[in-house]
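Only one structure is covered here, and it is reproduced in the block below.
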Amino acid sequence: MNDLEIAFVGAGNMATALILGIIAQGHNAASITACDPSAEQLQRLKEKLPAQANIALSQNNAAISAARVVVLAVKPQVMSEVASSLKPHISPGTLVISIAAGVTISALQKWLGEQSIVRCMPNMPALVQLGASGLYANENVTDRQREAATSILGAVGTSYWLEREKDIDAVTAVSGSGPAYFFLFMEAMVEAGEELGLSADVTSQLAIQTCAGAAKLAADAPDGLADLRKKVTSPGGTTERALDSFRLDDFNSIVKRALHAAAARAAELESMMDKN
Ligand SMILES: NC(=O)c1ccc[n+]([C@@H]2O[C@H](COP(=O)([O-])OP(=O)(O)OC[C@H]3O[C@@H](n4cnc5c(N)ncnc54)[C@H](OP(=O)(O)O)[C@@H]3O)[C@@H](O)[C@H]2O)c1
7 MNDLEIAFVG AGNMATALIL GIIAQGHNAA SITACDPSAE QLQRLKEKLP
57 AQANIALSQN NAAISAARVV VLAVKPQVMS EVASSLKPHI SPGTLVISIA
107 AGVTISALQK WLGEQSIVRC MPNMPALVQL GASGLYANEN VTDRQREAAT
157 SILGAVGTSY WLEREKDIDA VTAVSGSGPA YFFLFMEAMV EAGEELGLSA
207 DVTSQLAIQT CAGAAKLAAD APDGLADLRK KVTSPGGTTE RALDSFRLDD
257 FNSIVKRALH AAAARAAELE SMMDKN
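No gaps in the numbering here: position 256 of the sequence shown is 262 in my numbering, and each next residue is one more.
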């Protein structure tokens with residue numbers, strides 16, 4: 007895997023995170039190509055790379071022809087044009103990984119032809135190597151290609167294989183859009199902290215550190231989230247009073263409705279893209 011020729015089409019935020027992640031894992035930088043029509047974007051990527059990382063930079067997507075893995079990291083709205091233009095340059099045994107939101111395998115097959123395709127939904131914390139991704143493979147993907155996809159997405163966090171493509175919508179609702187829910191929750195905590203007399207700066211640091219600490223505890227909790235919550239909730243105490251207030255406001259239903267809305271929107275966007 008470390009010498010596998012990988013080409014990234016689109017050298018923006020997510021491609022940069024993935025390239026930095028796989029290089030940090032020991033992948034040979036010389037076997038990576040990044041393609042982007044924008045010279046400025048390629049320069050920004052170059053400035054983030056370790057000094058000795060001699061990856062190939064190209065303003066021309068034809069540079070992908072030697073790659074065994076092609077990662078499509080462009081915005082969904084340009085995917086049809088980009089994928090169609092790549093078709094003549096992709097050899098039959100090449101694995102194509104798409105990280106574009108809302109672009110289905112059938113749409114990709116329409117533009118790329120019969121190809122090994124992995125569709126992936128990563129999330130923003132990939133930028134700090136704490137991403138969470140769901141992956142779905144079409145029937146052409148071999149075990150070795152699955153390993154390659156796991157390794158690439160695994161370089162920026164955790165990844166999970168899905169049995170059904172439609173589960174990507176649920177992944178989008180939970181982890182794809184998920185970081186924004188935690189930002190919103192922290193914003194609300196900061197507003198409340200200020201109402202209670204703390205400065206914006208202090209309450210913001212407290213909320214962020216509490217979120218990071220809670221995530222670390224949850225990741226390490228052997229008995230699950232509910233058990234952890236019970237452990238920090240003393241009968242008759244302050245936490246219990248706050249959680250009772252959440253329950254009275256039907257917090258769980260609020261969260262569930264929001265995630266169902268996100269999943270429904272993901273499905274809507276897919277059917278719009280499929281019509282392109
Ligand atoms: N960022 C996230 O949190 C996140 C999460 C999940 C999924 N995704 C998915 O990841 C994909 C990339 O997102 P991003 O945030 O990395 O976007 P981005 O920073 O805008 O990067 C996309 C890059 O592709 C370039 N590009 C445009 N047309 C191209 C072409 N014909 N050939 C090659 N490159 C081309 C763009 O150049 P210009 O800027 O000059 O157009 C840009 O540099 C999207 O499909 C998105 O749905 C992102």
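Glycine included, C-beta positions come from ideal geometry on N, C-alpha and C.
query                                                                                                                                                           : result
Please look up how many angstroms separate the CB atoms of Ile96 and Val76, rounded, as I've assumed it's under 8 Å.                                            : 6 Å
Rank Pro128, Gln121, Gly163 by C-alpha distance to the C-alpha of Val147 and give the top, closest one.                                                         : Gln121
State the DSSP-derived secondary structure class of Thr178, mapped to helix, strand or coil.                                                                    : helix
Do you know how far the Cα of Pro228 is from the Cα of Ala213?                                                                                                  : 24 Å
Hey, quick one: how far does the beta strand (DSSP E) through Leu63 stretch, first residue to last?                                                             : 62 to 64
Find out if the Cβ-Cβ distance for the pair Ala79, Ala21 is shorter than 9 Å.                                                                                   : yes
List the endpoints of the continuous beta strand (DSSP E) containing Leu349.                                                                                    : No information on residue 349 is available, as it lies outside the stretch 7 to 282 that the chain covers here.
How would you write the range of the beta strand (DSSP E) that Ile3 sits in, first residue to last?                                                             : Since the first residue of the chain shown is 7 and the last is 282, residue 3 is not available in this structure.
Is Ala225 helix, strand or coil by DSSP?                                                                                                                        : helix
For Gly219, which residues of its own chain have a beta-carbon under 8 Å away from its beta-carbon, when the five flanking residues on both sides are left out? : none
How would you label Ala72, buried or exposed, when you count the other beta carbons within 10 angstroms and need 16 or more for buried?                         : exposed
Just to check my reading of the structure: Ala179 and Ala269 have Cβ atoms closer than 8 Å, yes? What is that Cβ distance to the nearest angstrom?              : 4 Å
Do Ala286 and Val124 have their C-beta atoms closer together than 9 Å?                                                                                          : What is shown of the chain runs 7 to 282, which leaves residue 286 out entirely.
Unbroken alpha helix (DSSP H) runs of length 4 or more, entirely within the region 128 to 164: which are they?                                                  : 149 to 160
Going by DSSP, what residues sit across from Val196 in a beta bridge?                                                                                           : Paired residue(s): none; Val196 is not in a bridge.
Tell me, please, whether the region 45 to 64 touches the region 149 to 165 by the rule of three or more beta-carbon pairs shorter than 8 Å.                     : no
Since Val238 is in the beta strand (DSSP E), which residue starts that stretch and which ends it?                                                               : Per DSSP, Val238 belongs to no beta strand (DSSP E) and is neither H nor E.
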